[in-house]
Structures are given as structure tokens and as C-alpha cells.
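Residue numbers (my numbering): -11 to 424. Built from N, CA and C at the ideal position, the CB exists for glycine as well. Every value quoted in this text rests on a predicted model; they were computed, and no experiment measured them. Step one of this worksheet: look at the structure below.
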């Protein structure tokens, strides 16, 4: 497909911005964003403390040098500077005064009585056993594609502490989900992700990074090729396809395009389609999202009691129950290397525990939920996304739900629309190929 086309991209998260960037190399692209700003989960907030300004990320924060090859290559092409960060994880339960930080041996036993706790050593033994067994089962093809993580843990006889105070807590923090959501995760999906990110190894881990000056730093360079055709505060209210093209209903009126890229969430995309097919309703309906409340604040009571247990990511239990959304607090001074006079925190789903006087901002972000049905739906992407259909679905939810996956999805759309050669410029050699 060599002729230039008029392409509409709906949604300005990383998937939409990257898709528009790649497609602009051959096509005339217009980007539509319902809100007043670009970025989606790339949401940096300026905070004034002690007469100085700090750019604090409240959505997308970190990436690593193992599993973000497309995103890293894109940053390199855009000449955006990254900085290494510490990726540590703690769990604390205030009601029972239990806490640990797995980053170092000293922080692991930040609560000194765990040094003589048989229960804590059983937790550590289960961690070692799971890491060995899950990797072995994956390598030898023994993981059933129809099995959930919760079923696997039950069959393996893993203890409640390992399940609730380690594995499900960590997974819930990563995917901003509840423990019940994590227990229902597809087993192979979960184990592959943990293996690829070095989370089944105690020693060999990737280096994590943040963007110097906040994650929004990449947006101007990424959107430069099509910045004159960016429409903010311009919600698309309907998308209708016909044999000759696509019509978008917007505040600007009816706009005609040759192709449309729906780079919004699956449920949002489905709601926009005025002529959705049974396949679109079935596939997109199997890829749900859940809202998470986010608070930027300076209330360090949301961190573990013992300062030596403070980590980059701090998961809070406190008897919230399996159905409760993940309550996790990010130490942004640590993650973004901010020399702020107070500890800047970003907390998900625990706003009732935060001192209102310490709140700097409140936000809400939706995150994809992953299920066995959703995994099957991901594999059916080509049934609803193709040039012949004049429709393309793009988003991190088609893979693992993170920034790399948004870029990967954007490259898949770009290839479908004839940008193969330009894609190869941005492909990371060796580890990851251009998505098919």
C-alpha cells in the first residue's frame, strides 16, 4: 500500500501518538483527543515545594532495558534523556505490623523480628520454590493455557503468606488490579511476564529508568510531524465505515478519512462504533478496563512504618480483601531522583487514608484487566483490524498493558498501512522483531 492516505487517529496515549508518528512518514494523519491535553497515562504534574518546581509523574513512570526495546529505540530517535532508577518493592500491613522490602538483605529484614520468624522463612522458601518451578514448567511446556494463576498456586500448595503478601501483591501493584483479578490471570501470560522482567530471579534483573524532567518530555518530539493536525478538546462521538471510507462525527462536524485508528481503550472504541460487527462486539467486549483513583500527596504514613522498609513501590494490605483494588504508593523522590524537601508520593486506591491537608492532586486512570477470555480475544486482532476494513485497533491492552506494548501495537498498525521500511528503523535488533 504505497499511496498516501488520510488517516484519523482517535486517542492520544502512547499508542495513538506513536501510531500517528510512524504513519505520518507516509500518510496524512489527524489526531483527535477528547481531553485538553496529550498523553493519556503520560501525565506529569508540576509541584511547587520550598520555592522550587518538581515535575512529578502520576501515570506512566518507569521502563527497563530488557523488555522495552521499541520504546527505547523510539526515545533514542527522539533524543529524549533517561536516567537510571531503583526498582524496589515493599509490602506492609499496618494492622498487624508486618512489613518487608525485598530490595536488599537488610531491607528484607527491615522488621527485625522476621529474623526469627518461622512463618517469614516459609514465605521466603515459597518464593524460591515458585521461581524455580514456574520457570521449569514454562520451559518444559507444562503450563496449561486454560489454567489461572490462582489454580496453579492452589495445586502447588503454596502458603497464604506467599500468595497474599508476595506474589498477588506484586502482581496487583504492577497491573493496578485486585488480588482476585490476579488470581484469575491467565497462568502462561503471568509467568512469561514475570520471567521476561527478571521477577523469577533473585539476582539477574533489568535496569529500570525514568525520563529526566518527567515522562511528558517525549511528547513534543513524538507529535512534531503532525502537530498542525492535532485536535484537543475534540471528542469523536461516532465512527461509521462504508466502502469508500470512514466518517467521524466530531464538534468540527462530519470528517471523512480513508482509514481510522482507534487508539483508545477497548470499551471506548466499541462505544464509538455506529456500525459495530458481531466480531468487534465479541472481541472488544472481552477486553475490559477498571478505573483506579490516584492521589499525589506528601503523607508518608502511606509508606511502611520503618524507613528502612521504604521502597520505590509500596503495597499496602491492611485487611482490604481480595476484591479491593490495589493500594500502592510510589515514592517519587526515589523513582525520579527528586531532591525535594518533602517525600512526594503517588498513591493508588487508598485516598481515604491520606491526610487531606497533604493532598496535591487527584486523578483517575483506567487500566486493562486480563483474563483467559481476553487472552483469546487478543489473538483475534486481525479479524477486526485491517486496511480492508478501514479500521485499526491500537493499544497496550493488546499485549501486557504497558508503554512498550503501546508502541508495539502502534508499529503493528504502521506495518499494516505500508510503513514496513520505516518500522525497521525503530525495531530493536535481536530481542524483539517487528510485530506481525
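Grab the span of the alpha helix (DSSP H) containing residue i for me, first residue to last.
i: residue 87; result: No alpha helix (DSSP H) holds residue 87; the beta strand (DSSP E) holding it covers 86 to 89.
i: residue 2; result: 2 to 11
i: residue 139; result: 137 to 144
i: residue -2; result: From DSSP, residue -2 is part of no alpha helix (DSSP H) but of the beta strand (DSSP E) over -6 to -2.
i: residue 95; result: 93 to 96
i: residue 28; result: From DSSP, residue 28 is part of no alpha helix (DSSP H); its letter is neither H nor E.
i: residue 170; result: 167 to 171
i: residue 399; result: 391 to 404
i: residue 208; result: 207 to 211
i: residue 370; result: 369 to 372
With a threshold of 7 Å on Cβ separation, who are the neighbours of residue i within its own chain once the five nearest residues in sequence on each side are excluded?
i: residue 183; result: 123 and 126
i: residue 226; result: 237, 260 and 262
i: residue 390; result: 384
i: residue 17; result: -5, -3, 8, 11, 214 and 217
i: residue 177; result: 358 and 363
i: residue 0; result: 19, 21, 26, 27 and 28
i: residue 233; result: 244, 245, 246 and 378
i: residue 137; result: 170, 171, 173, 175 and 178
i: residue 115; result: 150 and 154
List the endpoints of the continuous beta strand (DSSP E) containing residue i.
i: residue 80; result: 77 to 81
i: residue 68; result: No beta strand (DSSP E) holds residue 68; DSSP gives it neither H nor E.
i: residue 161; result: It is not in any beta strand (DSSP E) - residue 161 instead sits in the alpha helix (DSSP H) that spans 156 to 163.
i: residue 177; result: Counting along the chain, residue 177 falls outside any beta strand (DSSP E), though it belongs to the alpha helix (DSSP H) covering 175 to 184.
i: residue 34; result: 32 to 37
i: residue 247; result: 247 to 250
i: residue 47; result: Per DSSP, residue 47 belongs to no beta strand (DSSP E) and is neither H nor E.
i: residue 236; result: 233 to 238
Could you pull out every residue in the same chain whose Cβ sits closer than 8 Å to the Cβ of residue i, ignoring the five residues on either side in sequence?
i: residue 95; result: 76, 78, 88, 89, 296, 297 and 299
i: residue 405; result: -11, -7, -5, 11, 14, 15, 247, 375 and 380
i: residue 269; result: 258
i: residue 55; result: 184, 185, 194 and 392
i: residue 134; result: 360
i: residue 207; result: 5, 26, 27 and 30
i: residue 52; result: 75, 185, 194, 195, 196 and 197
Would you report the Cα separation of residue i and residue j, rounded to the nearest angstrom?
i: residue 139; j: residue 120; result: 18 Å
i: residue 189; j: residue 347; result: 37 Å
i: residue 332; j: residue 42; result: 10 Å
i: residue 357; j: residue 240; result: 34 Å
i: residue 205; j: residue 67; result: 10 Å
i: residue 410; j: residue 62; result: Unreliable placement is indicated for residue 410, whose pLDDT of 44 sits below 50; no coordinate value is reported for it.
i: residue 220; j: residue 45; result: 21 Å
i: residue 169; j: residue 160; result: 8 Å
i: residue 158; j: residue 306; result: 15 Å
i: residue 82; j: residue 167; result: 18 Å
i: residue 314; j: residue 282; result: 11 Å
i: residue 132; j: residue 386; result: 21 Å
i: residue 4; j: residue 382; result: 7 Å
i: residue 73; j: residue 321; result: 10 Å
i: residue 324; j: residue 108; result: 31 Å
i: residue 104; j: residue 97; result: 10 Å
i: residue 196; j: residue 370; result: 33 Å
i: residue 395; j: residue 353; result: 19 Å
i: residue 249; j: residue 47; result: 23 Å
i: residue 35; j: residue 329; result: 12 Å
Have a look at the DSSP bridge pairing and note the partners of residue i.
i: residue 356; result: 277
i: residue 196; result: 52 and 73
i: residue 108; result: Answer by DSSP bridge pairing: none, since residue 108 is not bridged.
i: residue 381; result: 250
i: residue 261; result: 227
i: residue 243; result: 236
i: residue 219; result: 20
i: residue 42; result: 35
i: residue 350; result: 283
Residues in the same chain with beta-carbon distance under 6 Å from residue i, minus the five sequence neighbours each way, listed in chain order, please.
i: residue 22; result: 223
i: residue 276; result: 357
i: residue 420; result: Reliability fails at residue 420, whose pLDDT of 34 lies under 50, so the model's placement of it is uncertain and no value is given.
Closest Cβ-Cβ distance between residue i and chain C: below 8 Å?
i: residue 125; result: Looking at the structure shown, chain C is missing, and only one protein chain is on hand.
Problem set entry | alpha helix (DSSP H) runs contained entirely in the region 275 to 346, provided each spans 4 or more residues | Runs found: 320 to 324.
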